[in-house]
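What follows is a single structure, written as structure tokens, with notes after it.
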Amino acid sequence: MCLTFTNSEMATSKIPKFEETTSYPWSSKDGTTFPIYNPATGKVITNVVAGTSKEVDLAVKAANEAYSKDWRWRSPSERSGLLFACANELDKHLDDLAVLLCLENGKPASGARQFDLNFLSRIFRYYAGLIDKLPSELYDSGIVYTNVFHEPYGVVGAILPFNWPPIHTGGKLAPALAMGNTVVMKPPEQAPLTVMRIIEILQGVLPKDVIHGVPGIGPEVPSSLVQHSLVHKISFTGSTAAGAAVAKTAAADVTQCSLELGGENAFIIFEDADLDQAVRDALDGGFFNKGEACTAASRMIVHRDVHDVFIERLGAAVKKLVVGDGLKKETHVGPQVSEAQQKRVNNYIRIGQEEDGATIYSQGNLPSDPALKDGYFIKPTLFTNVKPHMRIAKEEMFGPVQTVTSFSTYDEAIEILNDTEYGLTAAVYTKDMEKGWKACRQIDVGMVWLNNYWRNVLGKPFGGAKQSGYGREHNIETLRDFSRPKFVQFPSGLGKMPSWQGVSDIFGPQGSQVHGA
1 MCLTFTNSEM
11 ATSKIPKFEE
21 TTSYPWSSKD
31 GTTFPIYNPA
41 TGKVITNVVA
51 GTSKEVDLAV
61 KAANEAYSKD
71 WRWRSPSERS
81 GLLFACANEL
91 DKHLDDLAVL
101 LCLENGKPAS
111 GARQFDLNFL
121 SRIFRYYAGL
131 IDKLPSELYD
141 SGIVYTNVFH
151 EPYGVVGAIL
161 PFNWPPIHTG
171 GKLAPALAMG
181 NTVVMKPPEQ
191 APLTVMRIIE
201 ILQGVLPKDV
211 IHGVPGIGPE
221 VPSSLVQHSL
231 VHKISFTGST
241 AAGAAVAKTA
251 AADVTQCSLE
261 LGGENAFIIF
271 EDADLDQAVR
281 DALDGGFFNK
291 GEACTAASRM
301 IVHRDVHDVF
311 IERLGAAVKK
321 LVVGDGLKKE
331 THVGPQVSEA
341 QQKRVNNYIR
351 IGQEEDGATI
361 YSQGNLPSDP
371 ALKDGYFIKP
381 TLFTNVKPHM
391 RIAKEEMFGP
401 VQTVTSFSTY
411 DEAIEILNDT
421 EYGLTAAVYT
431 KDMEKGWKAC
441 RQIDVGMVWL
451 NNYWRNVLGK
461 PFGGAKQSGY
471 GREHNIETLR
481 DFSRPKFVQF
491 PSGLGKMPSW
501 QGVSDIFGPQ
511 GSQVHGA
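If you count by UniProt numbering, then the sequence shown holds residues 1 to 517, one letter each, in order.
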């Protein structure tokens with residue numbers, strides 16, 4: 001599927017006025033708004049009313065009312081049916097949502113439709129199909145039986161990043177709702193429109209106040225959400241620094257938290273690798289979604305015997321990447337989401353050039369269209385001669401920048417890959433399956449791909465190790481992340497219940513009259 005428009009004005013006309021939508025019914029009394037930019041042009045496309053702690057409080061209280069009086073008591077089959085209905089309704093809007101996402105985030109609309117929006121409706125169907133089929137738990141202890149129930153937390157606070165708004169909206173909403181929670185979402189301030197539109201669509205399907213969204217600028221809205229006394233679970237996706245701050249705040253109130261954080265992910269390409277596959281996957285891993293991905297493969301760790309051939313092929317491909325407006329079908333790499341993000345990535349390119357030995361081997365070109373001169377574009381960049389200690393090999397750049405480091409031995413490759421504070425993803429390329437599986441087990445990350453980097457994560461436990469966070473998303477285990485177990489024990493009638501000695505001495509073997517009184 002390819003979505004294209006003759007001009008951005010035609011696409012911009014699809015943006016509703018979010019101050020008036022049902023998804024954000026509480027207007028801030030001071031009338032504060034913040035602009036949303038088209039990152040391809042640098043122009044404002046709309047303004048959104050900024051929420052405050054007051055709006056968070058209203059949204060949470062409304063969601064708590066819906067939880068306690070309605071949603072938590074719906075049967076799994078009822079919730080399943082409504083989640084299927086959500087997926088069906090979303091399917092009617094996926095094309096428009098892809099355009100909206102392109103306009104505020106910059107990613108190519110065609111890729112957004114195929115990847116982001118397809119995932120959104122699929123994940124609602126995934127959890128709709130699971131929730132009424134979970135096995136019950138009954139423990140037989142002879143004289144007693146014990147039933148285990150997985151109960152919802154109540155109101156869940158979900159804080160979203162700017163890079164995959166539909167994926168993270170669905171990845172948090174669908175399992176939370178499936179387990180009987182209600183949800184208040186904080187959309188990313190750089191790109192809140194797609195999330196708010198999704199919420200608006202779903203509010204037309206779900207019972208009143210089951211989901212809400214409160215956009216805002218700065219820390220006020222997310223901090224208020226994390227600290228609210230009626231919020232009992234936080235699901236956060238974003239940078240490691242921000243996630244650590246969220247976890248610290250949540251810990252003060254003993255609020256459960258799951259964190260999906262950053263990554264500085266790497267491929268190990270051994271001398272016997274299928275180089276065609278490795279090079280193709282390296283281009284995908286480093287430059288898909290303009291490098292704004294926690295799963296971006298920014299480090300290539302390549303055996304010295306195939307190093308030169310690898311960088312020659314990959315470097316030639318990087319030069320061919322088309323940078324431009326995501327509304328155009330020929331665009332591979334869109335703009336960074338914001339001017340701040342553009343400056344951040346350009347700063348890392350500067351740092352890389354100043355680090356002793358690192359060299360820019362290849363770069364793509366910026367768009368020549370005068371209409372895009374103020375867009376937040378970055379030249380796709382490939383660094384070589386990168387040493388493991390360098391900042392561009394250690395820190396998450398979150399842009400279309402990739403580094404190549406050579407190695408000589410198996411142990412050296414594993415050491416280089418693991419020598420980072422992050423532990424999200426990795427990939428291994430080799431025709432020796434014993435070596436490949438050994439490497440996969442010795443790599444300290446949450447997810448490893450062997451001889452591929454197809455990031456189709458629905459149904460798998462998505463999450464990382466070390467500073468990449470904790471908790472798992474997008475699979476059956478996520479349902480347990482959005483619930484807490486409670487057991488109910490009752491007599492089986494198959495034997496006599498034991499008594500504490502004090503009870504037996506005072507009451508005798510049965511009854512509640514004091515013995516010998």
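Ideal placement from N, C-alpha and C gives every residue a C-beta, glycine not left out.
Cross-strand partners of residue i (DSSP beta bridge)
| i | result |
| --- | --- |
| W500 | According to DSSP, which records beta bridges pairwise, W500 is partnered with nothing at all. |
| G157 | V184 and I234 |
| H150 | P485 |
| M381 | Correcting the residue type first, residue 381 is Thr in the shown sequence and not Met. The partner list for T381 (beta bridge, DSSP) reads Q363 and V401. |
| Y37 | V44 |
| V49 | T33 |
Cβ pair residue i, residue j closer than 8 Å
| i | j | result |
| --- | --- | --- |
| residue 524 | P166 | Outside the shown range of the chain (1 to 517) lies residue 524, about which nothing can therefore be said. |
| I311 | Y361 | yes |
| N451 | Y429 | yes |
| T255 | V221 | no |
| A191 | F162 | yes |
| A317 | L283 | yes |
| T478 | P39 | no |
| V156 | F462 | no |
| P485 | V148 | yes |
| E264 | R299 | yes |
| G51 | G218 | no |
| H228 | I269 | no |
| Y410 | G285 | no |
| K208 | A66 | yes |
| V226 | T249 | yes |
| L327 | T41 | no |
Three-way DSSP call (helix, strand, coil) for residue i in this model
| i | result |
| --- | --- |
| H212 | strand |
| E339 | helix |
| S347 | According to the sequence displayed, residue 347 carries Asn and not Ser. Correct three-state label for N347: helix. |
| G469 | strand |
| Q489 | strand |
| C257 | strand |
| Q363 | strand |
| T331 | coil |
| E137 | strand |
| K43 | strand |
| Y67 | helix |
| F462 | strand |
| Y145 | strand |
| V246 | helix |
| V221 | helix |
| V99 | helix |
| V323 | strand |
| W73 | helix |
| V60 | helix |
| L173 | helix |
| V195 | helix |
| Q80 | Looking at the sequence provided, one finds Ser at residue 80 rather than Gln. Three-state result, S80: helix. |
| E355 | coil |
| S239 | coil |
Alpha-carbon spacing of residue i relative to residue j, whole angstroms
| i | j | result |
| --- | --- | --- |
| A439 | T425 | 13 Å |
| Q510 | V503 | 9 Å |
| V401 | G469 | 23 Å |
| residue 575 | K394 | Since the first residue of the chain shown is 1 and the last is 517, residue 575 is not available in this structure. |
| S224 | D57 | 8 Å |
| Q203 | W71 | 13 Å |
| T237 | F487 | 31 Å |
| K43 | Y37 | 5 Å |
| W73 | G180 | 8 Å |
| L458 | M433 | 25 Å |
| E151 | N289 | 37 Å |
| V144 | W500 | 17 Å |
| L82 | L206 | 7 Å |
| K466 | G262 | 10 Å |
| P76 | G471 | 23 Å |
| R113 | A98 | 5 Å |
| P187 | S338 | 15 Å |
| F124 | G106 | 25 Å |
| K496 | Y153 | 36 Å |
| A178 | L134 | 11 Å |
| D325 | E260 | 29 Å |
| V48 | R197 | 12 Å |
Min CB distance residue i to chain B below 8 Å
| i | result |
| --- | --- |
| F490 | Considering every chain present, this structure includes no chain B. It has just one protein chain. |
- Message: So within the segment 393 to 450, which uninterrupted beta strand (DSSP E) runs reach at least 3 residues, ignoring any that extend past its ends?
- Response: 401 to 407, 425 to 429 and 447 to 450
- Task: Any chance you could list the beta strand (DSSP E) runs of at least 3 consecutive residues sitting entirely within the segment 253 to 319, in chain order?
- Result: 256 to 260, 265 to 269 and 297 to 303
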